[in-house]
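The sequence shown runs 35 to 266 under our numbering. A virtual CB, placed ideally from N, CA and C, is assigned to each residue, including glycine. Below is one structure, written out as structure tokens; comments come after it.
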Amino acid sequence: MTEKRALELVAKAIQQQEALGLGGIRLSYDLINSITPPQPRRMAAKAENLEEFCNEIKDCKKCRLHQGRNKFVFGVGNPNAKVMFVGEGPGRDEDLKGEPFVGRAGQLLDKILAAIQFDRTQVYIANVVKCRPPNNRDPQPDEMAECMPYLKQQIELINPQYICCLGRIAAQALLNTQTPLGKLRLRWHEFEGRKLMVTYHPAALLRFPEYKRDTWEDVQMLRREYDAYMAK
Ligand code: SF4
Numbered sequence: 035m036t037e038k039r040a041l042e043l044v045a046k047a048i049q050q051q052e053a054l055g056l057g058g059i060r061l062s063y064d065l066i067n068s069i070t071p072p073q074p075r076r077m078a079a080k081a082e083n084l085e086e087f088c089n090e091i092k093d094c095k096k097c098r099l100h101q102g103r104n105k106f107v108f109g110v111g112n113p114n115a116k117v118m119f120v121g122e123g124p125g126r127d128e129d130l131k132g133e134p135f136v137g138r139a140g141q142l143l144d145k146i147l148a149a150i151q152f153d154r155t156q157v158y159i160a161n162v163v164k165c166r167p168p169n170n171r172d173p174q175p176d177e178m179a180e181c182m183p184y185l186k187q188q189i190e191l192i193n194p195q196y197i198c199c200l201g202r203i204a205a206q207a208l209l210n211t212q213t214p215l216g217k218l219r220l221r222w223h224e225f226e227g228r229k230l231m232v233t234y235h236p237a238a239l240l241r242f243p244e245y246k247r248d249t250w251e252d253v254q255m256l257r258r259e260y261d262a263y264m265a266k
């Protein structure tokens, strides 16, 4: 409501109440609220940058995965990246180093990035869960549900244009689907207003090198889209 309209309604209410011979001025709650809308409840302060956010959550014990962690694995890369890669969770090497995608799978990811003219300083890399699942098992749905708000806040802080899910677990978690990876590839999905695509996890490519050709197709799609966005 405009200020002018609010004043008109106040004046009208005064006239009506005077005409009715009522003492004082009584305004309806609706009118009062329309002039002074109720204030939203104060929210807890949110971290303003990745470093602050990492410090805030690095000692998290929200799920059982904290019990076996050596290091909390927050994420790495450019805090203003336009492209963000998301895997499922840290493995043994990542847990020891505190960094996602190190070891053989990490080296392969570096090669995939290089194939589309990216390196780790240009993109951001993180996982759905920040602590290593025991024996490299898949993260459980309840563990992912506990950790997902952290990933969402990371995404909000980085504000990437594109998200590339590495592997079925990350893809299904972010897209909230049971659709197999093969049917999620080679098309764009939407995740909270951002474009999201899916490809194979580098660790899977180490076991099944025959999927490298498909991965190449996927990341080419990402590069084409990124180039088109940057050319705008
Ligand atoms: S996996 Fe996520 S939710 Fe679970 S303890 Fe680690 S940081 Fe917390």
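Report yes or no: do three or more beta-carbon pairs, one from the region 202-213 and one from the region 133-146, lie closer than 8 Å?
The region 133-146 and the region 202-213 do not touch, with fewer than three beta-carbon pairs separated by less than 8 Å.
Within a Cβ cutoff of 8 Å, which residues of the same chain sit near T249, ignoring the five residues on either side of it in sequence?
The residues are I146, T233, Y234 and L239.
Backbone CA spacing between D172 and A207 [nearest angstrom]:
12 Å
Have a look at N169, R166, Y260 and F242 and flag the residue whose alpha-carbon is nearest the alpha-carbon of W222.
Y260
Decide if P194 is buried, meaning its Cβ has at least 16 other Cβ atoms within 10 Å, or exposed.
buried
Here's the rule: buried if 16 or more other CB atoms are within 10 angstroms of the residue's CB, otherwise exposed. What is F87?
F87 comes out buried.
Anything with a beta carbon under 7 Å from a heavy atom of the ligand SF4 counts; list them all in chain order.
What you get when you keep residues with a C-beta closer than 7 Å to any heavy atom of the ligand SF4 is I91, C94, K95, K96, C97, L99, H100, R103, F106, V163, K164, C165, E177, E180, C181 and Y184.
Grab the span of the beta strand (DSSP E) containing N104 for me, first residue to last.
Taken as a continuous stretch (DSSP letters only), N104 belongs to no beta strand (DSSP E), as it is neither H nor E.
Environment of R138 [buried if 16+ CB atoms lie within 10 Å]:
exposed
DSSP bridge partner residues for R126 (one or two, in chain order):
Answer by DSSP bridge pairing: none, since R126 is not bridged.
Sequence-distant residues of its chain with Cβ nearer than 7 Å to K246 (five each side left out):
Sequence-distant partners of K246 (beyond 5 residues in either direction) whose C-beta falls short of 7 Å from its own C-beta, in its chain, are L239.
Going by DSSP, what residues sit across from R228 in a beta bridge?
F225
Are I150 and G109 closer than 9 Å when you measure CB to CB?
no
Whole-angstrom distance between Q101 and G268, CA atom to CA atom
Outside the displayed range of the chain (35 to 266) lies residue 268, so it cannot be described from this structure.
Out of curiosity, what's the CA-to-CA distance linking Y196 and R98?
Whole-angstrom Cα-Cα distance: 31 Å.
From the DSSP output, read off the bridge partner residues of L200.
L200 pairs with T233.
Using a Cβ-Cβ cut-off of 7 Å (strictly less than) and excluding sequence neighbours within five positions of M271, which residues of its own chain qualify?
Coverage of the chain is limited to positions 35 through 266, which leaves residue 271 absent and any answer about it impossible.
Let's test the definition: count the other Cβ atoms within 10 Å of the Cβ of Y184 and tell me whether it reaches 16, buried, or not, exposed.
buried
When the distance is taken between beta carbons, is P113 closer than 9 Å to L84?
yes
For G125, which residues in the same chain have their Cβ closer than 8 Å to its Cβ, ignoring the five residues on either side in sequence?
G137, A139, R166, N170 and A237
Cβ-Cβ distance between K116 and M255 below 9 Å:
no
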